[in-house]
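Residue numbers (our numbering): -17 to 171.
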């Protein structure tokens, strides 16, 4: 409850900070967000993609520079390439004429498929650099395709103050980012 109090004091819902704090209303606002099924559906999809990207960010120096013995310059180029493909996915989303629901479903399916292929390639075929990077690049593009839409829908779904929704969303995102980085430790070369 202290966290809710501090969030309301430093991030008020409206421009005029309330003189009297209504803890019951704050609790009800958090409850609205926490029990909203659609919020969690989009948030968990977003967080899963974010966790996978954080796992790659954690694992990539060990894979590219440690296992494959690439230079720092090549490592930097390949990391930049992963995020160029992510941005390409974002740009593809803006020119897509596909309905948003189908775009998200298709993006999630492709992201899941390339995540599985990439994970299998990293675990069983790490010496096949092109297979691994191809899967990572396609995963990154698929993630970029739906990343913004998942975030936007998740945050706008609950009928609660935006600060409350963002607080819950950000907490989940940070937790999944940590778990993704932690999961990367399980892969050994």
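By construction, the Cβ of each residue, glycine as well, lies at the ideal position given by its N, Cα and C atoms. Computed from a predicted model, the values in this text were never measured in an experiment.
Review point. At which residues does the alpha helix (DSSP H) containing residue 49 begin and terminate?
Key: Here residue 49 belongs to no alpha helix (DSSP H), and DSSP marks it neither H nor E.
Review point. Looking at C-alpha atoms only, which residue of 111, 169 and 147 is the closest neighbour of residue 10?
Key: For the residues 111, 169 and 147, the minimum Cα distance to residue 10 belongs to 147.
Check your understanding: On the three-state DSSP scale, how would you describe residue 35?
Key -> helix
Check your understanding: What's the C-alpha gap between residue 106 and residue 134?
Key -> Per the coordinates, the alpha-carbon of residue 106 lies some 36 Å from the alpha-carbon of residue 134.
Point to revise | Supposed contact pair residue 163 and residue 40 - C-beta distance, whole angstroms, cut 8 Å | key: 4 Å
Review point. By Cβ distance below 7 Å, which residues in the same chain neighbour residue 136 in space, the five residues on each side in sequence not counted?
Key: 21, 24, 25, 28 and 151
Point to revise | Spatial distance of residue 45 from residue 83 (CA atoms) | key: 35 Å
Check your understanding: Looking at C-alpha atoms only, which residue of 38, 154, 43 and 140 is the closest neighbour of residue 122?
Key -> 38
Review point. Would residue 159 pass as a contact of residue 127 if the rule is Cβ separation under 8 Å?
Key: Contact flag unset, no.
Exercise for review: Can you have a look at residue 81 and say buried or exposed, based on whether 16 or more other CB atoms are within 10 angstroms of its CB?
Suggested key: exposed
Exercise for review: Enumerate in chain order the residues of its own chain whose CB-to-CB distance from residue 154 is below 7 Å, with the five nearest sequence positions on each side excluded.
Suggested key: 25 and 29
Review point. Around the Cβ of residue 96, are there at least 16 other Cβ atoms within 10 angstroms (buried) or fewer (exposed)?
Key: buried
**Study point:** Inter-residue spacing [alpha-carbon to alpha-carbon] between residue 129 and residue 74
**Key:** Computed Cα separation, rounded: 12 Å.
Exercise for review: Determine the extent of the alpha helix (DSSP H) in which residue 107 is found, giving its start and end residues.
Suggested key: Residue 107 -> no alpha helix (DSSP H), and no H or E assigned at all.
Exercise for review: Evaluate residue 68 with the Cβ neighbour count: other Cβ atoms within 10 Å of its Cβ, from every protein chain shown; 16 or more gives buried, anything less gives exposed.
Suggested key: buried
**Study point:** residue 109 to residue 50 span [Cα, whole Å]
**Key:** 8 Å
Check your understanding: How should residue 53 be labelled, buried or exposed, when 16 other C-beta atoms within 10 angstroms of its C-beta is the threshold for buried?
Key -> Of the other Cβ atoms in all chains shown, fewer than 16 fall within 10 Å of the Cβ of residue 53; this residue is therefore exposed.
Check your understanding: Any idea what DSSP makes of residue 139, helix, strand or coil?
Key -> coil
Point to revise | Per-residue DSSP class, three states only, for residue 173 | key: Lying before the first or after the last residue shown, residue 173 is absent from the chain, which here runs from -17 to 171.
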